[in-house]
Structures are given as C-alpha cells and as structure tokens.
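Per the UniProt record's numbering, residue 1 is the first one in the sequence shown, and the count goes up by one each step.
No residue lacks a Cβ here, since even glycine has one placed at the ideal position from N, Cα and C.
Since this is a predicted model, take the numbers as computed values, not measurements.
Here's the structure we're looking at; comments come further down.
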Amino acid sequence: MKLFLKTPLAWRQLLKERTRLLVAVAGITFADMLIFIQMGFEGALFDAAIKPHRSLQADLVLINPQFQTLFSVKSFSRERLYQTLGYEGVKSVSPVYIGTGQWRNPETRLERAILVWGIDPAKSAFNFPEIQNNLDPIKQLNQVLFDQAGRPEYGAVGEIFQKTGKFETELNNKNVSVKGIFSNGASFAADGNVITSDSTFLQIFPERKPDRIEVGLITLNADADPQKVQAQMIAGLPKDISVLTPEEFAQIEKAYWASGTGIGFIFNLGVGVGFIVGIVIVYQILYSDVSDHLPEYATLKAMGYTDRYLLVVLFQEALFLAFLGFIPSFLLSIGLYQLAYTATMLPIFMNLQRAITVFILTVIMCTASGAIAMRKLSSADPADIF
Numbered sequence: 001m002k003l004f005l006k007t008p009l010a011w012r013q014l015l016k017e018r019t020r021l022l023v024a025v026a027g028i029t030f031a032d033m034l035i036f037i038q039m040g041f042e043g044a045l046f047d048a049a050i051k052p053h054r055s056l057q058a059d060l061v062l063i064n065p066q067f068q069t070l071f072s073v074k075s076f077s078r079e080r081l082y083q084t085l086g087y088e089g090v091k092s093v094s095p096v097y098i099g100t101g102q103w104r105n106p107e108t109r110l111e112r113a114i115l116v117w118g119i120d121p122a123k124s125a126f127n128f129p130e131i132q133n134n135l136d137p138i139k140q141l142n143q144v145l146f147d148q149a150g151r152p153e154y155g156a157v158g159e160i161f162q163k164t165g166k167f168e169t170e171l172n173n174k175n176v177s178v179k180g181i182f183s184n185g186a187s188f189a190a191d192g193n194v195i196t197s198d199s200t201f202l203q204i205f206p207e208r209k210p211d212r213i214e215v216g217l218i219t220l221n222a223d224a225d226p227q228k229v230q231a232q233m234i235a236g237l238p239k240d241i242s243v244l245t246p247e248e249f250a251q252i253e254k255a256y257w258a259s260g261t262g263i264g265f266i267f268n269l270g271v272g273v274g275f276i277v278g279i280v281i282v283y284q285i286l287y288s289d290v291s292d293h294l295p296e297y298a299t300l301k302a303m304g305y306t307d308r309y310l311l312v313v314l315f316q317e318a319l320f321l322a323f324l325g326f327i328p329s330f331l332l333s334i335g336l337y338q339l340a341y342t343a344t345m346l347p348i349f350m351n352l353q354r355a356i357t358v359f360i361l362t363v364i365m366c367t368a369s370g371a372i373a374m375r376k377l378s379s380a381d382p383a384d385i386f
C-alpha cells in the first residue's frame, strides 16, 4: 500500500504521452467490446432458448430420453404421462404437443417457420399471465395465442390485435384467428411462438398422432417432495422416458446449443480472440513506454530504487489502462446490446455478472501484458547508461 501513496509515477508516465494513452485506451475498449458482444450474444442465445422451458407450469417434466432441442423434437407415448397419476403426490398431468409450422404474413403473403405449442386449454401449461387469462378463447378450434415478441416478419400481429381485437391468417395452410397475445421472444431455434389447444394443433398437423406427445407436465400436491417423487418415477417407469425438473429440462436445451452445435465454440473463440487482441495492444504500449524511458528507469535504479518498485510501477500502468479501457467499452456495449435487441429481438442485455467477468478479464489481460513487458524493464542496467 505504501507504494501507491508515493509519487504517482505510473499515472504521470501515461499522461506524458497522451496520444499513446488514447491509442491504448481505444485498443482495450475495442478488445473489451468484442468480448462483451460475444458474451452478450451467447447469453442471449441461452436465455432465449430456455425461456419456454423455465416458463412451464409444472413440478416435473416427462420427455423422450433422446430429446435435445425444441428445434428437433422427439415424441413419446402419452400413456407414460398418465401412468404417473398412480404415484403418490401427483395432483394432475397435462400433455404438450410441439411442432414447427409455417405462419403466413397476410400483408406480404410470405411464410415463415414458427414454433407451435399444443396444450390442454383446461389447464395452463405456462406461467405467463397473458396465457393463463386467455385459455377460454382457444378452446374453440382454429384459435391461437401469438407471441408478439417474435420477429417482425410475421406481421404487425400484436399492434393490429390490440387495435381491432382480431387478427386472421393461415398456419400450415389452415385458417386461424388470433385470440390473445403474449411475450416470450425469438431464439436461435425459433423466430416466434404460437400456442393453441391440443385439438387445433392436431388439425394444423394432421399427420401427427394424438397418442404421441413431446412434453408431459406433472403437477404435484403442495406437500409432495419433488425430488422424492422424481426418484420414484425414475425407478418405476420404463426407460423410454426421462423424468426431469423444468430446470433440468432447460439445461438439456442449453447444453445442446453450448456443445452440440458450433455456435457455442464460435462465441467462445470470439472471446478468446478479443482477449488476445487486448494482450497484444497493451503489451505494445507498455513495451514502447519502457523502451522510451529505459534511461530514466536505469537512473532510478542507480538512485537506489529496486526492481520490485519499478515492476510495481509497470503493473500500475497496466491497471490504469485496464480501468480506462473498460469504462467506455462497458457504456458502448450497453448501446450495442440495445441496437442488437432491436434488430434481432433476442434478449441481449447487460448484467452485473457479465460486467464483472469482462472487467476481471481486462485486468488479467493488462497484467499479463505487463508481465511480458517486464523482461525489457529488468534489462535496464545503470552501467549501460552511464
């Protein structure tokens, strides 16, 4: 601590070459923004992909063991879901059908893929208030609830429905009418979502068999222990289904996008590239600074200053650069996140954990550069100067 109370040599050296300081700050800002953007899109990918899973109104979930993603669903026998009613603590069950349909924009007449959920309208499958309050209308055939947070290419569904109270179009060449809107959002697997009754779902997908479902929702009594009931079901039910909590179900989807595709690798590679770019930039700045002031450092050594003191000065410069570069990158990334959200409708927002992570990476990046530049500083021999 005493070293920080002495003459701020590191800060004065940085200020002496203001152009070099601005270049260094700009370089670190660029590297940090690259890291922020990569992490932001990766986080948005995961958040959007698992939002429907976490919104399910259930204590336990049944799925096919081969289920990996909503983008390519795997079905199982509905009989397995009804078998769970024989377990103590189970209050009710509800089947969920999932399929990808073609939504037609009535203005442009263009079709776009959309994720369709078929649920039992007598029991809400999701904890969205907008869905829970609009179950009665979709009990009739060809009535749907539309995700207004999806891509705008589907049409101005939310805007028109709020003004007129109706919106009619085609889904898989079947006439459907929007009877309510909700907000879930687009993801890398689906640009939007539609919720309808199981009866309407089977009309929209006539090739689907009623006894084959994609997800089974299990609601337990208030006094039941979910972990205990889950363990009993895993032990007692056939192995052609998996019994999971909604969060475990979400993690399967997350794992698919993180490791089952190249997307997670690409984002992590981007973070690594930004980190390396930052190290190179800061190293060049610190190395140039040490080279330019090598006689001064040698003079300080001749005056009795130790190598330890000079190394701390170099580390202080690295920390100053880390802080100065992080602040503008943080502020600019917030703006870029908002721009990306407007363009893609993905839930990309700044959060505290990401900000702390990037700041720590920035400090490591700058101190690592300082550690490399120390080799030049250690060569400052007073005998070579005088």
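- What runs of the alpha helix (DSSP H), each 4 residues or longer, lie entirely inside the segment 145-195? Within the segment 145-195, the complete alpha helix (DSSP H) runs of at least 4 residues are 157-164.
- Task: Would you check if the distance between the CB atom of Ser333 and the CB atom of Phe30 is smaller than 8 Å?
- Result: Going by beta carbons, Ser333 and Phe30 fall outside the 8 Å limit.
- Message: Please state the DSSP three-state secondary structure of Lys91.
- Response: Lys91 falls in the strand class under three-state DSSP.
- Given a cut-off of 8 Å, decide if Ile213 and Ile119 are closer than it, judged by their beta-carbon atoms. Not a contact, by the Cβ cut-off of 8 Å.
- Item | Continuous alpha helix (DSSP H) stretch holding Arg54: start and end | Taken as a continuous stretch (DSSP letters only), the alpha helix (DSSP H) holding Arg54 covers 18-54.
- Which residue comes first and which comes last in the alpha helix (DSSP H) that contains Thr200? Per DSSP, Thr200 belongs to the alpha helix (DSSP H) from 198-204.
- Option nearest Ala255 by Cα separation, candidates Leu339, Lys174, Ala49, Pro106: Distances from the alpha-carbon of Ala255 to those of Leu339, Lys174, Ala49, Pro106 put Ala49 closest.
- Item | Coarse secondary structure for Glu207, derived from DSSP in three states | Note: Glu207 maps to coil in three-state DSSP.
- Could you check the C-alpha separation between Gly274 and Ser183 for me, to the nearest Å? If you draw a straight line from the Cα of Gly274 to the Cα of Ser183, it comes to about 34 Å.
- What span of residues does the alpha helix (DSSP H) with Leu81 cover, start to end? Counting along the chain, the alpha helix (DSSP H) containing Leu81 begins and ends at 78-83.
- Item | Lys139 versus Thr362 - alpha carbon distance | Lys139 and Thr362 have their C-alpha atoms spaced approximately 55 Å apart.
- Three-state secondary structure assigned by DSSP to Ser124: DSSP places Ser124 in the coil class of the three-state scheme, outside both helix and strand.
- Query: With distances taken from CA atoms, which of Ala58, Phe126, Arg208, Tyr154 is nearest Thr108?
  - Reply: If we check each option's Cα against that of Thr108, Tyr154 comes out closest.
- Hey, which unbroken runs of the beta strand (DSSP E) at 3 residues or more fall wholly within the UniProt domain "ABC3 transporter permease C-terminal" (271-382)? Scanning the UniProt domain "ABC3 transporter permease C-terminal" (271-382) from its first residue to its last, no whole beta strand (DSSP E) run of 3-plus residues comes out.
- Nearest candidate by alpha-carbon position, reference Asn127, set Pro65, Gly216, Ala58, Gln338: Closest by alpha carbon: Ala58.
- Query: Grouping DSSP H, G and I as helix and E and B as strand, with all else coil, what is Glu107?
  - Reply: Of the three classes helix, strand and coil, the one that applies to Glu107 here is coil, per DSSP.
- Alpha carbon of Val243 to alpha carbon of His53, nearest angstrom: Looking at the two C-alpha atoms, the distance is approximately 14 Å.
- Spatial neighbours of Leu5 in its chain, beta-carbon cut-off 6 Å, leaving aside the 5 residues before and after: With a pLDDT of only 47 at Leu5, under 50, the local geometry of the prediction cannot be trusted, and the value read off the model is given with reservation. A distance below 6 Å between beta-carbons, with the five flanking residues on each side excluded, links Leu5 to no residue of its chain.
- Where does Leu269 sit, in a helix, a strand or coil, going by DSSP? If DSSP states are grouped into helix, strand and coil, Leu269 belongs with the helices.
- Closest by CA to Glu42, which one among Ser199, Leu171, Ala340? With distances taken between CA atoms, Glu42 lies nearest to Ala340 out of Ser199, Leu171, Ala340.
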